[in-house]
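Residue numbers (my numbering): 65 to 286.
We put the CB at the ideal spot given by N, CA and C, even for glycine.
Bear in mind the structure is a predicted one, so any value in this text is a computation, not a measurement.
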Amino acid sequence: MNIYPLDKNSYIFPNPIYADDKGLLAYGGDLNPSRIMTAYLNGIFPWYNESDPILWWSPNPRCILDFEDFKISKSLRKVIDKNIFEIKFDTNFTQVMKECKNINRENQKGTWIQDELIEAYTKLHEMGFAHSFEAYFNGELVGGGYGINIGNIFCGESMFAKKTDASKVALYFLVQRLKEKGFSFIDCQIPTPHLLSLGAKTIDRNEFILNVKKSSENLKEF
Numbered sequence: 065m066n067i068y069p070l071d072k073n074s075y076i077f078p079n080p081i082y083a084d085d086k087g088l089l090a091y092g093g094d095l096n097p098s099r100i101m102t103a104y105l106n107g108i109f110p111w112y113n114e115s116d117p118i119l120w121w122s123p124n125p126r127c128i129l130d131f132e133d134f135k136i137s138k139s140l141r142k143v144i145d146k147n148i149f150e151i152k153f154d155t156n157f158t159q160v161m162k163e164c165k166n167i168n169r170e171n172q173k174g175t176w177i178q179d180e181l182i183e184a185y186t187k188l189h190e191m192g193f194a195h196s197f198e199a200y201f202n203g204e205l206v207g208g209g210y211g212i213n214i215g216n217i218f219c220g221e222s223m224f225a226k227k228t229d230a231s232k233v234a235l236y237f238l239v240q241r242l243k244e245k246g247f248s249f250i251d252c253q254i255p256t257p258h259l260l261s262l263g264a265k266t267i268d269r270n271e272f273i274l275n276v277k278k279s280s281e282n283l284k285e286f
C-alpha cells in the first residue's frame, strides 16, 4: 500500500481510505496552520518522531469519548469534590505543550512532540483553533492537555500529569465545558488502555469522518 508524498505548495490530502492498516496515509508537506487545519477537517493528523519526515495519519478504527460515557471513579469524584486543583483554560498553552513533551511516559522512549509542532500549534492557539485545559496546585501547573477545535468536535492531542489525578480532573472539567458549549465528543485518535478505562470507545473511520464533515457546519466556540 502506498504512502503518499505531500506537495509543499498544495494542501490537498489523499482520501483517508487509502491509509495503511495502522492509519499512516502520507508524509512530507509542512506544518503551516492552514495545512494542519485542512488535515483535521479531513480526519487526519500529524504524528511523527524527530528522525522521521512529517507523517500524517487517519487510523481505523478511530477512538472517541462520548461525554455521557466518561467514567468517574469514586476516588476521582472525591478529588474533584475536594477542589484540590484550580482549573483554567487557555492561560498557558505553550507551557502545556512543553509539559506534554517532557513528561516521562511508561513504555515510551522520547517524545513525538517536536519544537516545530509546539511552534505550529501555538500559532493555531493564537488563531483560536487550539486550546489547553490546565490543572494547578498551589499556583503550579501540574496537569492538563491540549487539542484542536473543529466544528463541534474537540480533537484531543496529549495530556500530562505531574501530580496524581491532575490530568483526570482537568479532563473532567474539559468534558463539562464542552457539554455546556454544545460539542459532540472528544476525538482521542488512537485507543489506549487508559483512554478505554475512562469510557472511550472505537468507531469506524468512515463514521468518524462523516461526523467531522457534519461538525464543520456547526462551529462551536471553546
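Which residues mark the beginning and the end of the beta strand (DSSP E) in which residue i is found?
i: Asn113; result: Segment: none, Asn113 is in no beta strand (DSSP E) and carries neither H nor E.
i: Gln253; result: Phe249 to Gln253
i: Phe201; result: Ala194 to Phe201
i: Phe152; result: Before going further, note that residue 152 is Lys rather than Phe in the sequence given. First-last of the beta strand (DSSP E) with Lys152: Glu150 to Phe153.
i: Pro257; result: Looking at the DSSP string, Pro257 is not in any beta strand (DSSP E); the run it does join, the alpha helix (DSSP H), is Pro257 to Ser261.
i: Leu283; result: Here Leu283 belongs to no beta strand (DSSP E), and DSSP marks it neither H nor E.
i: Tyr68; result: Tyr68 to Leu70
Kindly indicate which three-state DSSP category residue i falls into: helix, strand or coil?
i: Thr266; result: strand
i: Ile128; result: strand
i: Tyr82; result: helix
i: Gln172; result: Unreliable placement is indicated for Gln172, whose pLDDT of 49 sits below 50; the coordinate value is still reported in the next sentence. Three-state result, Gln172: coil.
Shortest alpha-carbon distance to residue i belongs to which of the options?
i: Gln240; options: Asn106, Gln178, Leu70 and Leu129; result: Leu129
i: Asn106; options: Leu95, Trp120, Gly93 and Pro255; result: Trp120
i: Leu205; options: Lys152, Lys138 and Asp133; result: Lys152
i: Asn168; options: Lys227, Leu181 and Ser139; result: Lys227
i: Ala264; options: His189, Asp133 and Gly207; result: Asp133
At which residues does the alpha helix (DSSP H) containing residue i begin and terminate?
i: Ala291; result: Past the edges of the chain, shown from 65 to 286, lies residue 291, and the structure says nothing about it.
i: Tyr104; result: Pro97 to Tyr104
i: Asp145; result: Lys138 to Asp145
i: Lys162; result: Phe157 to Asn166
Contact between the segment 137-157 and the segment 190-208: three or more CB pairs below 8 Å? Here the segment 137-157 lies against the segment 190-208, with 3 or more beta-carbon pairs under 8 Å apart.
Check whether the segment 86-103 and the segment 234-251 touch, using three or more Cβ-Cβ pairs below 8 Å as the test. Using a Cβ-Cβ distance cut-off of 8 Å, the segment 86-103 and the segment 234-251 are not in contact, since fewer than three pairs of beta carbons, one from each stretch, lie closer than that value.
Decide yes or no for the touch test of the segment 110-127 against the segment 266-282: beta carbon pairs closer than 8 Å, at least 3 of them. Judged by Cβ distances under 8 Å, the segment 110-127 makes contact with the segment 266-282, as three or more pairs qualify.
Quick check on the DSSP output: what are the complete beta strand (DSSP E) runs of length 3 or more inside the segment 178-247, in order along the chain? List check, beta strand (DSSP E) in window: 194-201, 204-214 and 217-225.
May I ask you to verify whether the segment 211-231 touches the segment 271-284, counting CB pairs closer than 8 Å and requiring at least 3? Contact holds: three or more Cβ-Cβ distances are below 8 Å.
State whether the segment 66-79 contacts the segment 90-99, with contact taken as three or more CB pairs (one from each stretch) at a distance under 8 Å. The segment 66-79, when compared against the segment 90-99, does touch it at the 8 Å Cβ threshold.
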